[in-house]
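Undergrad:
In the working numbering, the protein residues as written are 3 to 209.
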């Protein structure tokens, strides 16, 4: 399997973590959005990351890729089989991707991507809005959902991967969850990011 995408991306990191959890080897080819590489473009027609090629089979989108990996390498399971747990795991995957990520990424984009990768000044007003207005209500929700080391079914799953992956980018932007205000969430995020699979994914090449 070939995995396209920079490990700076939370979405690429989702796949790297899943591969590490399952002990599946893959050739990682770091690249950014809309990379002109023909092989990448063939795997991701919209130019988004991550994308994979597995013995001629091509697929883009982090969630689609995780479900594909789960079907081919079912052990250890990252998708619960019990109906309610599976439904919640898929919900948290969507929540992480579409609700949490857009706000979590703003400090990273304006403090890291723009000044360090694009040579442009970031907008701290956007960062402040994300930190003080957007993220607190999402943190409140997650604080109420955290009840132990895992979000769903008493085991590490796609839910934990998808919800936690963006917090590494927040850390790179010099921010973290306020443990005084959201103690359960802060402890949960810290412990999840310290899993060997996340550590391996974070250490993967960025370009």
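Ideal Cβ placement from N, Cα and C applies to all residues, glycine included.
DSSP on residue 136, reduced to helix/strand/coil?
TA: Along the chain shown, one-based indexing puts residue 136 at 134. Looking at residue 136 - three-state DSSP - the assignment turns out to be helix.
Undergrad: Verify whether the separation of the beta carbon atoms of residue 22 and residue 164 is less than 8 Å.
TA: For the purposes of this step, residue 22 is identified with residue 20 of the chain shown, where counting begins at 1. For the purposes of this step, residue 164 is identified with residue 162 of the chain shown, where counting begins at 1. Their beta carbons are not under 8 Å apart, which means residue 22 does not touch residue 164 by this criterion.
Undergrad: Helix, strand or coil: how does DSSP classify residue 60 here?
TA: Against the chain shown, residue 60 aligns to sequence position 58. In this structure, residue 60 counts as strand in the three-state DSSP scheme.
Undergrad: Leaving out five residues on either side along the sequence, give the residues of the same chain with a beta carbon under 7 Å from the beta carbon of residue 88.
TA: As a working mapping, residue 88 is identified with position 86 in the chain shown. Here the set comprises 81 and 82.
Undergrad: Cβ of residue 71 within 8 Å of Cβ of residue 7?
TA: Sequence index remark: in the chain shown, residue 71 carries index 69 (1-based). Sequence index remark: in the chain shown, residue 7 carries index 5 (1-based). Cβ atoms of residue 71 and residue 7: not closer than 8 Å.
Undergrad: Relative to the alpha-carbon of residue 194, which residue among 205, 78, 169 and 13 has its alpha-carbon at the smallest distance?
TA: Numbered from 1 along the chain shown, position 192 holds the residue referred to as residue 194. Measuring C-alpha to C-alpha distances from residue 194 to each of 205, 78, 169 and 13 identifies 169 as the nearest.
Undergrad: Candidates 155, 147 and 33: which alpha carbon is nearest residue 9's?
TA: Within the chain shown, residue 9 is the residue found at index 7, counting from 1. The shortest C-alpha separation from residue 9 is found at 33.
Undergrad: Thinking C-beta only, is residue 19 closer than 8 Å to residue 203?
TA: Within the chain shown, numbered from 1, the residue matching residue 203 stands at position 201. Within the chain shown, numbered from 1, the residue matching residue 19 stands at position 17. Yes.
Undergrad: Tell me which residue opens and which closes the beta strand (DSSP E) that residue 6 is part of.
TA: The residue labelled residue 6 in the question sits at position 4 within the chain shown. Counting along the chain, the beta strand (DSSP E) containing residue 6 begins and ends at 4 to 6.
Undergrad: On the DSSP letters alone, give me the boundaries of the alpha helix (DSSP H) that residue 170 sits inside.
TA: As a position in the chain shown, residue 170 is number 168, starting the count at 1. Start and end: 160 to 174.
Undergrad: Taking 8 Å as the cut-off, decide whether the C-beta atoms of residue 94 and residue 179 are in contact.
TA: Taking the chain shown and counting its residues from 1, the one referred to as residue 94 is at position 92. Taking the chain shown and counting its residues from 1, the one referred to as residue 179 is at position 177. No. Outside cutoff.
Undergrad: Rounded to whole angstroms, what is the Cα-Cα separation between residue 13 and residue 192?
TA: Numbered from 1 along the chain shown, position 11 holds the residue referred to as residue 13. Numbered from 1 along the chain shown, position 190 holds the residue referred to as residue 192. Cα to Cα, the separation comes out at about 19 Å.
Undergrad: Tell me the residue span of the beta strand (DSSP E) that contains residue 197.
TA: Within the chain shown, numbered from 1, the residue matching residue 197 stands at position 195. Residue 197 -> no beta strand (DSSP E), and no H or E assigned at all.
Undergrad: DSSP three-state label for residue 210, please.
TA: The requested residue 210 is not part of the displayed model; the chain covers only 3 to 209.
Undergrad: Comparing C-alpha positions only, which one of 15, 122 and 110 sits nearest to residue 63?
TA: The residue labelled residue 63 in the question sits at position 61 within the chain shown. Looking at the Cα atoms, 15 is the closest of the given residues.
Undergrad: What ranges does the alpha helix (DSSP H) occupy inside the segment 105 to 136, keeping only unbroken runs of at least 4 residues that lie completely in it?
TA: 126 to 131
Undergrad: Three or more C-beta pairs under 8 Å: does that hold for the segment 97 to 109 against the segment 135 to 155?
TA: yes
Undergrad: By how many angstroms is the C-alpha of residue 57 removed from the C-alpha of residue 166?
TA: Position 164 of the chain shown, counted from the first residue, corresponds to residue 166. Position 55 of the chain shown, counted from the first residue, corresponds to residue 57. Spanning the two alpha carbons is a distance of roughly 30 Å.
Undergrad: Give me, in chain order, the residues of the same chain whose beta-carbon lies closer than 7 Å to that of residue 176; leave out the 5 immediate sequence neighbours on both sides.
TA: The count along the chain shown starts at 1 and reaches residue 176 at position 174. For residue 176, where only same-chain residues beyond five positions count, the Cβ hits under 7 Å are 113.
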